[in-house]
Amino acid sequence: MSKHPRISVFPKGYLEELSDGRMDIFEWIEQAGTLGADGLELYPSFLKDTSEEYLLSIKRAAEKENLIIPMMCSSPDFTHPDASFRENEINKMKKMIDVMHFLGPGDFQSCRVLSGQRRPEVSTEEGIQWTVDSINELLLYAESKNVHLVMENHYKDGFWIYPEFAQKSEVFLQIIKQISSPYFGVNYDPSNAIFAGEDPIVLLKEVKNRLVTAHASDRYLAEGYSLEDIQKYVNEGYSEALSHGVIGKGLNDYNQIFTILKSIHFDGWISIEDGVNGLHELKESVVFLRKMINKHYALLN
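Everything in the sequence shown is counted per our numbering, starting at 2 for the first residue and increasing by one.
Laid out in structure tokens, this is it:
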């Protein structure tokens, strides 16, 4: 295991194209090989099927580009009032756990878990309980496959109607404090804290001892907007006040983030979620993140 973080890339700019088949996953892997990253984070709908033959072809394509596949950005929805719906989400997650058991490098592989959608008819108490119960049900299976489950302080899956149930840290922290397993931890995303109208550094300090993986992204205030405008969109839609861009040039303080990561000897995966404005920005973000790692972990450039 490395003694410093490793960099993964997630093609947020190609999410819809890869999901609906307009772009082939092998085309993305070939492009990702030009970015200077160490690995790939996938999304369930990028996969045409889950046969071993198909998954092996993906793994070999990644290896050809000197990339490994440690992370799956799955989005289970555990806050539906129907118990059979939640059970189906659990079964879908088991399939993704199987996929990562096969695709992962062996030393570490993870699947993201979420709470679910913030449905207006679901109480906070119900949503927390259903989420905790669902994740706990999955953990024994995940452990048997040597796959970590990482819960993200999330904003909203791109294909959901409602925002994340546990978007606010108060709810997020209540959930993770009720789950105890060496195969469970946090996937921290600083930009999602900004979407929630919260301080990313405060949240990182709260969860640093549960940290397993992280997402790196950055947000900019669009022209004519203020930080107060973000709050208008906490409960619905993507805020027009925030736009994507190169990591390190936006609202997040990555020097402070990396100071905290180094203080806890964090050596997990950091996945860059970007490329909305083009692959060149994703490459710039890899370069920036590599410089941050070199600087804070005293690595040779």
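Every residue gets a Cβ at the ideal spot worked out from N, C-alpha and C, and that includes glycine.
Sequence-distant Cβ neighbours of H5 in its own chain, meaning closer than 7 Å and more than five residues away, are D268, I294, Y298, L300. For M73, the pairing in a beta bridge is given by DSSP as L43, C112.
Per the Cβ contact rule, the segment 57-70 is not in contact with the segment 79-99 (fewer than 3 Cβ pairs under 8 Å). Residue pairing by DSSP places P106 opposite no residue, since no beta bridge is assigned to it.
Residue ranges of uninterrupted alpha helix (DSSP H) with 4 or more members, entirely inside the segment 159-189 and ordered along the chain, are 170-177.
Contact between the segment 118-129 and the segment 158-168 is present: 3 or more CB-CB pairs across the two stretches fall below 8 Å.
Here DSSP, grouped into helix, strand and coil, assigns I26 to helix.
When beta bridges are read from the DSSP output, F11 appears opposite E274. With fewer than three CB-CB distances shorter than 8 Å, the segment 25-45 does not count as touching the segment 244-261. In the DSSP assignment, L290 falls within the unbroken alpha helix (DSSP H) covering 280-297. Pairing G198 with E54, the inter-Cα distance amounts to about 45 Å. Membership of A217 in any alpha helix (DSSP H) is not indicated; the residue belongs instead to the beta strand (DSSP E) covering 212-217. Boundaries for L68: no beta strand (DSSP E) harbours it, and the DSSP string shows neither H nor E there. If you draw a straight line from the Cα of L174 to the Cα of T132, it comes to about 12 Å. If you ignore the 5 residues before and after S170, its C-beta comes within less than 6 Å of the C-beta of E199, L204, all in its own chain and listed in chain order. Relative to K263, the option among L283, V277, K209 whose CA is nearest is K209. Remark: three or more beta-carbon pairs, one from each stretch, lie closer than 8 Å, so the segment 65-77 and the segment 29-46 are flagged as touching. Proximity to A84 across L48, S135, S52 peaks at S135, based on C-alpha coordinates. If you draw a straight line from the Cα of I273 to the Cα of L56, it is about 23 Å long. When the Cα atoms are used, F289 and P191 turn out to be separated by approximately 16 Å. Put simply, of H281, K206, I195, V213 the residue whose alpha carbon is nearest the alpha carbon of L252 is I195. Check the Cα spacing between L41 and each of G105, M24, D21: the tightest is with G105.
Comparing alpha-carbon positions, the option among H149, K284, D158, I176 lying closest to F185 turns out to be H149. Classified as buried, K157 has 16 or more neighbouring CB atoms from the shown chains inside 10 Å of its CB.
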